[in-house]
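For reference, the structure discussed in these notes is given below.
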Amino acid sequence: FRGILHEGEIDKRVQYTIEGLFAIRKGGFADYPSVHEALDLVDSNDQITHELGLEDDVDVEDKLDVFRVSHEECAHKLLRLNIRPGQEPEICAMLIDCCAQERTYLRYYGLLGQRFCLVQREYQAAFDDSFANQYATIHRLETNKLRNVAKFFAHLLFSDALPWTVFEYIRLNEQETTSSSRIFIKILVQELSEHLGVQKLKLRFLDEFMATTFAGLFPKDNPRNTRFAINFF
Numbered sequence: 001f002r003g004i005l006h007e008g009e010i011d012k013r014v015q016y017t018i019e020g021l022f023a024i025r026k027g028g029f030a031d032y033p034s035v036h037e038a039l040d041l042v043d044s045n046d047q048i049t050h051e052l053g054l055e056d057d058v059d060v061e062d063k064l065d066v067f068r069v070s071h072e073e074c075a076h077k078l079l080r081l082n083i084r085p086g087q088e089p090e091i092c093a094m095l096i097d098c099c100a101q102e103r104t105y106l107r108y109y110g111l112l113g114q115r116f117c118l119v120q121r122e123y124q125a126a127f128d129d130s131f132a133n134q135y136a137t138i139h140r141l142e143t144n145k146l147r148n149v150a151k152f153f154a155h156l157l158f159s160d161a162l163p164w165t166v167f168e169y170i171r172l173n174e175q176e177t178t179s180s181s182r183i184f185i186k187i188l189v190q191e192l193s194e195h196l197g198v199q200k201l202k203l204r205f206l207d208e209f210m211a212t213t214f215a216g217l218f219p220k221d222n223p224r225n226t227r228f229a230i231n232f233f
């Protein structure tokens, strides 16, 4: 490099770059540590030097290059984002939107939502509001997105992460439902039946303390609405 500089036949920009390299070398690479402090995880006393021969067979352990993020780790990292009070609905909306965008439902999102609800009660209220908003605008979703959203909320319900009082938002009758909302209810109840079993789900719906909550789902106020609900189920 010194010879190249003395010859002076190189571009000025290259010359400055080489001089900069000499300056860095002279400073002992102070700004360029061999191992970054944040990545220096192994104590010097615990470090092991592995000696390998040039012709030795080496197990490269490809499996160590494969990373899998669990829902608990993801929830932990999201909670560390310094989320201010009142921003919980934004996290819920993000989870629901991501879940809806998938080609098929991924249980990962249900477990993630469940984790949020169990860690902080504020997220239960946020997902409660999200259920109401999603059900009110469910006609805007394509069938695939609708299915994913229904399965997401079904997971929160059968895992008891979300209170079953969200059924108060559903009024099953011909006037107050659309084809989309009826598909949503169908998938939601089918998922609950599949994971809880018919008998256990029946006991949930027959709980006398929750009678007012399920009054809209099983209407008895009007014979026409009752017949509609019977035919639906």
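So the sequence shown is numbered by UniProt numbering: it starts at 1 and just counts up by one.
Note that CB positions come from ideal geometry on N, CA and C, so glycine has one too.
Residue i to residue j span [Cα, whole Å]
i           : j           : result
residue 74  : residue 112 : 8 Å
residue 144 : residue 13  : 57 Å
residue 97  : residue 89  : 12 Å
residue 148 : residue 184 : 10 Å
residue 177 : residue 171 : 7 Å
residue 76  : residue 131 : 23 Å
residue 226 : residue 212 : 15 Å
residue 82  : residue 92  : 15 Å
residue 257 : residue 200 : Any answer about residue 257 is impossible in this case: the structure gives the chain only from 1 up to 233.
residue 30  : residue 24  : 8 Å
residue 85  : residue 129 : 16 Å
residue 35  : residue 61  : 22 Å
residue 217 : residue 140 : 22 Å
residue 45  : residue 58  : 25 Å
residue 142 : residue 94  : 18 Å
residue 100 : residue 150 : 9 Å
residue 221 : residue 193 : 26 Å
residue 197 : residue 164 : 16 Å
residue 224 : residue 69  : 50 Å
Buried or exposed (CB count within 10 angstroms, at least 16 for buried), residue i
i           : result
residue 202 : exposed
residue 188 : buried
residue 87  : exposed
residue 219 : buried
residue 156 : buried
residue 123 : buried
residue 115 : buried
residue 38  : exposed
residue 105 : buried
residue 134 : buried
residue 42  : exposed
residue 146 : buried
Short Cβ contact (7 Å threshold) for residue i with residue j
i           : j           : result
residue 110 : residue 152 : yes
residue 79  : residue 127 : no
residue 168 : residue 228 : no
residue 230 : residue 181 : no
residue 154 : residue 191 : yes
residue 71  : residue 108 : yes
Residue i in three-state terms, based on DSSP
i           : result
residue 4   : helix
residue 139 : helix
residue 293 : The displayed coordinates of the chain run from 1 to 233. Any statement about residue 293 would go beyond what the structure contains.
residue 32  : coil
residue 57  : coil
residue 181 : helix
residue 215 : coil
residue 230 : helix
residue 18  : helix
residue 220 : coil
residue 206 : coil
residue 42  : coil
residue 171 : coil
residue 260 : Lying outside 1 to 233, the shown extent of the chain, residue 260 is not represented and no answer is given.
residue 49  : coil
| Which runs of the alpha helix (DSSP H) spanning at least 4 residues fall entirely within the stretch 60-131, listed in chain order? | 71-79, 88-101, 107-119
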